[in-house]
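Quick notes on the structure that follows.
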Amino acid sequence: MSELIRFEKDGPVGILRFLQPKKRNPYSIAFVEELVAYLHEADHDDAVRAVVMTGGEHFSSGGDLVGFQSEVAKGARATSEMVEKVHDGGRAAYLFRKPLISAVCGVAYGAGLSLALSADIVVAAEDARLCEVFTRVGGCPDTGSSWLLQQRAGAGVARMLVLTGREIDGRTAKELRVVEECVSAEQVEERALEIAREIAPHPMFSVQTAKRVMRSTAECSYLEALDIERDAQSVLLSAHDFPEAMKAFSEKRKPQFKDR
12 MSELIRFEKD
22 GPVGILRFLQ
32 PKKRNPYSIA
42 FVEELVAYLH
52 EADHDDAVRA
62 VVMTGGEHFS
72 SGGDLVGFQS
82 EVAKGARATS
92 EMVEKVHDGG
102 RAAYLFRKPL
112 ISAVCGVAYG
122 AGLSLALSAD
132 IVVAAEDARL
142 CEVFTRVGGC
152 PDTGSSWLLQ
162 QRAGAGVARM
172 LVLTGREIDG
182 RTAKELRVVE
192 ECVSAEQVEE
202 RALEIAREIA
212 PHPMFSVQTA
222 KRVMRSTAEC
232 SYLEALDIER
242 DAQSVLLSAH
252 DFPEAMKAFS
262 EKRKPQFKDR
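Using the numbering used here, you'd call the opening residue of the sequence shown number 12 and step up by one each time.
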C-alpha cells in the first residue's frame, strides 16, 4: 500500500490513522482502496472490538478533484465507474460490523464529511470545519451524504447545509445534531478512544447485533421495528452471553462472557 492510512491497535481498539494531514487527507481512489482493505482487516480481527478513524490535524478535505479530472475527461461511463469506486469507501465504513467512531479535527468537506458521518458516533473538535461543499463546485451530494445527513440532522437541516454549501464549526454541528460530541481539538482523539474503550468490553455478538438492529429499524415503521427486534433478541437470549449474564446477576458475580 502507498501509506495513506495506517492501522494501529491500542488494546482492543483499532485506530485508522490517515497519514496526509498536511494535504488534508484527500479522498482519492488510492485512499479508498486502503480504507476498504483496513476495514476488512479490522472486521475479521477478533482482537479488535471497536475502531476509531482519525485524520489528525485534518480529517479529510473530500474528493481528489485534481486526480479525478483524467477520469471525468473520458466521459459519462468512466465518470460513473469512478464515482462507484469512490463510494466503496463510504460503503465499507457504513457496513462495517463493529462500532466505528470518527474523530474529526480541521476540515471534513464533501466526501470527507460523508466518511465521518458513516460512522456510528462522531466526535468533532469545537473549531472543526464541516461542509457539504458539493453545490459550491457545481455538483450534488455523493458518497452517501444526502442520506447520512438527513438521518442524523433531519431533512430541513440537511437541505439547508447541502443547498447553501455552508461551512459550520463543530459547536454548530453538535447543536444541529450532525455530530454526537464536541470537545476541544486537543481532546478529540482521546475522547473517541474513550468511547471505543467503553464499548469494547461488551459481548461482541450482542454489540454487532445491536448495531445491525439500530441500522435496520431506522428505515422502517414502529411495528416493523418490533419484528426486527424480536427476531434478533430471540437469538441473543438463547445464545451464550445473555444466559450467563442472568446467572451471574442471580449469583451476584461478574459475568464470564464467551463472546459468541
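Even glycine gets a Cβ: it sits at the ideal position worked out from N, Cα and C.
Per DSSP, threonine 90 is one residue of the alpha helix (DSSP H) stretching across 87–106. In this structure the segment 212–229 lies against the segment 247–261, because at least three pairs of beta carbons, one per stretch, are closer than 8 Å. For leucine 160 against leucine 128, the beta-carbon gap comes to about 6 Å, under 8 Å, which counts as contact. CA-to-CA, the gap between lysine 269 and methionine 257 works out to about 14 Å. Secondary-structure assignment with DSSP links tyrosine 38 through a beta bridge to Gly74.
Closest option to valine 133, judged by alpha-carbon separation, among Pro37, Gly121, Ala184: Ala184.
Separation of the CB atoms of serine 125 and serine 91 is rounded to 18 Å, and the pair is thereby denied contact status at 8 Å. DSSP places alanine 136 in the strand class (E or B) of the three-state scheme. Distance from alanine 136 to serine 113 at the Cβ level is roughly 11 Å; contact not present, criterion being Cβ atoms closer than 8 Å. Taking one beta carbon from each stretch, the segment 17–31 and the segment 162–169 have fewer than 3 pairs nearer than 8 Å; the two do not touch.
A distance of 8 Å or more separates the beta carbons of valine 62 and alanine 48.
The beta-carbon separation of aspartate 180 and aspartate 238, rounded to 41 Å, does not stay under the 8 Å limit for a contact. Excluding five sequence positions before and after serine 227, the CB atoms of its chain that fall closer than 6 Å to its own CB belong to Ile239, given in chain order.
Beta bridge pairing from DSSP links phenylalanine 260 with no other residue. Taking the Cα positions, phenylalanine 42 is about 13 Å away from methionine 93. In this structure, the beta-carbon distance from arginine 208 to valine 83 does not fall below 8 Å. The DSSP assignment places 156–164, 166–175, 181–186, 199–210, 215–228 as complete runs of the alpha helix (DSSP H) inside the segment 145–232, in order along the chain (cut-off: 4 residues). Take the alpha-carbon of aspartate 56 and the one of alanine 221: they are about 19 Å apart. Shown here for glutamate 235: same chain residues with a beta carbon closer than 8 Å to its own, the five before and five after excluded, namely Thr228 in chain order.
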